[in-house]
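Per this note's numbering, the sequence shown starts with residue 76, numbered consecutively. Cβ atoms here follow ideal geometry from the backbone N, Cα and C, with glycine treated the same way. These figures come from a predicted structure and were not determined experimentally. Presented below is the structure to which this report refers.
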Amino acid sequence: MVMTGVKMRRKKNSEISRDIGLEIGWICGSYFLKMDHLHYGYWTKDLPVDIVNLHAAQENYVKFLTSHIPEGVKTILDVGCGTGQLSKDLQSMGYSVDCISPNAFFAERTRLLLGNASRVYECKYQDFVTPDTYDLVFFSESFQYIGAEDGIAKSNSLLRDGGHLMICDFFRRPVLDKCALSGGERWTRFNETMEQYPFVQVADIDITDATAPTVDLLNDALQQAIQPTMALAVQLVASRHPLLHKLVHRIYRRKIEKINSKYFSGRMSGEDFKKCKSYRLLLYRKGQAAGPEAVKQTASNQGVCV
Ligand SMILES: C[S@@+](CC[C@H](N)C(=O)[O-])C[C@H]1O[C@@H](n2cnc3c(N)ncnc32)[C@H](O)[C@@H]1O
């Protein structure tokens with residue numbers, strides 16, 4: 076069954092920018108690099124670190140993740156399903172998959188990919204309510220957008236007893252240095268929150284080294300292709316419309332400086348990523364006890380976005 080959730084809440088500006096960033100990344104990545112996913116991929120030792128191999132690294136990541144799905148799992152909730160390709164892979168492996176996507180563009184693509192066998196809920200995980208429970212709640216590089224408290228409490232309520240929670244994502248290490256790359260839930264906060272819930276850890280695999288090369292590739296693309304292209308576009312506008320160029324520059328000076336420092340300073344690197352982040356595959360089994368937060372359930376027999 077195909078679900079179209081009702082989007083009741085307005086998105087924040089930061090969420091709109093992030094959504095558009097992900098969409099641009101995917102449109103360019105899928106066109107130029109045949110990318111199917113939005114995650115960093117997994118660079119095995121035998122795979123040369125080259126942008127043309129990002130597609131292969133992403134396939135490695137899917138293999139790595141799916142090889143850790145526990146036996147006996149039949150129903151999966153893929154939270155933050157992105158392009159829907161990973162859900163499609165799971166469906167092809169015989170799992171029954173439902174998806175959550177707050178992004179209309181990706182939700183629509185996922186519906187087309189998965190067809191009527193899956194429900195695609197178009198809302199934030201925080202706004203999703205269902206009386207259903209799942210064998211596995213699955214986050215592939217989406218946990219950081221939801222955060223520890225909401226992510227763990229909601230997953231606890233949506234898992235059957237003995238069900239599993241799988242999170243593959245990067246976390247922020249407690250370092251004092253300034254990091255070039257933002258994002259990631261705080262590792263210490265994650266663990267402190269986890270302790271309050273009845274989850275038993277089954278696996279914790281650090282894959283930071285296998286994911287970091289993607290940051291170098293991204294940095295390279297920004298320095299070698301995107302920045303020079305943008306500089307030429309600005310040069311063109313400045314020569315054709317000098318007044319407009321001056322005005323835009325004056326009004327958005329601070330924003331332009333921020334973008335330059337974040338993306339074009341060259342500070343973003345695999346080494347910086349390894350120092351500041353810890354990318355992990357985490358698997359937990361839910362025990363019998365109830366968690367501190369119970370999520371209100373509806374009387375209907377399918378999920379809704381509230
Ligand atoms: C980096 S992408 C990963 C996509 C996909 N899981 C993959 O591995 O390719 C992050 C995803 O999280 C989703 N997301 C962001 N905030 C969310 C929220 N509050 N609830 C559910 N999903 C969210 C985004 O729409 C996006 O699809």
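- Counting along the chain, G345 sits inside the alpha helix (DSSP H) bounded by residues G345 to C351.
- When the five nearest sequence neighbours on each side are left out, the beta carbons in the same chain lying within less than 8 Å of the beta carbon of R264 are those of A223, in order along the chain.
- Annotation for S232: the continuous alpha helix (DSSP H) segment containing it runs A223 to L233.
- Annotated three-state conformation of S340 is coil, per DSSP.
- The DSSP-derived three-state label of A278 is strand.
- For F181, the enclosing alpha helix (DSSP H) stretches over residues A179 to L189.
- Selection R247, L122 and K86 evaluated against P288 yields L122 as nearest (Cα-Cα).
- In the DSSP assignment, D210 falls within the beta strand (DSSP E) that extends over Y209 to S215.
- With a cut-off of 7 Å, the C-beta of H239 is classified as distant from ligand 1, since no heavy atom of the ligand falls inside that distance.
- Listed in chain order, the non-local C-beta contacts of V290 below 7 Å within the same chain comprise L256, M343, S344, G345 and F348, local neighbours out to five positions each way being set aside.
- Judged by pairs of C-beta atoms under 8 Å, the stretch 235-245 does not touch the stretch 187-203, as fewer than three such pairs exist.
- With respect to the 8 Å criterion, H112 and G157 are classified as neighbours on the basis of their beta carbons.
- Between the alpha carbons of K321 and L161 lies a distance of about 46 Å.
- Residues H320 of the same chain have their beta carbon placed closer than 6 Å to that of A313, with the five preceding and five following residues left out of the count.
- Taking a cut-off of 8 Å for Cβ pairs, the stretch 241-255 and the stretch 209-227 touch, as three or more such pairs fall below it.
- If you check the CB distance, K350 and D252 come in under 8 Å.
- Rounded to the nearest whole angstrom, the CA to CA distance from A228 to E134 is 30 Å.
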